[in-house]
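Peer 1:
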Amino acid sequence: MLRLLLATLTSITFAWAIDYAERSTQELIASLHPGGKNVSIILHELKKREATMTPEEKRLYRKKREEITNVEKK
1086 MLRLLLATLT SITFAWAIDY AERSTQELIA SLHPGGKNVS IILHELKKRE ATMTPEEKRL
1146 YRKKREEITN VEKK
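Residue numbers (my numbering): 1086 to 1159.
As structure tokens, then:
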């Protein structure tokens, strides 16, 4: 009985951690906009997470990164 409880709690914890990581990555991408606060810090954090991003998150991240670099070049 104790093993079943531990296995259930472990599964729930892992599922929550994965969901939280995905959500926070999407929130970071959404917070990127030219002229925003802490853009360099957010870009650095997203660069570290790029290996674990979904293809859709990578596409959004690259699009936002290009927008910011284009604004900075002007």
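Don't be surprised by glycine CBs; every beta carbon is placed ideally from N, CA and C.
Starting from the Cα of Q1173, find the closest Cα among S1096, E1152, E1135, L1094 and give me that residue.
Peer 2: Outside the displayed span of the chain (1086 to 1159) sits residue 1173, for which this structure offers no information.
Peer 1: Got a sec? Which residues, its chain only, sit under 6 Å from L1117 by beta carbon, not counting five neighbours each side?
Peer 2: Start at 1 with the first residue of the sequence shown, and residue 1117 comes out as number 32. The answer, listed in chain order, is I1127, K1149.
Peer 1: Return the CA-CA distance between L1091 and A1115, expressed in angstroms with no decimal places.
Peer 2: Translated into positions along the sequence shown, residue 1091 becomes position 6. Translated into positions along the sequence shown, residue 1115 becomes position 30. Distance between the alpha carbons of L1091 and A1115 is about 36 Å.
Peer 1: Give the single residue among F1099, T1137, V1124, H1129 whose Cα lies nearest to the Cα of V1156.
Peer 2: Here residue 1156 corresponds to residue number 71 of the sequence shown, with the count starting at 1. That would be V1124, whose Cα lies nearest to the Cα of V1156.
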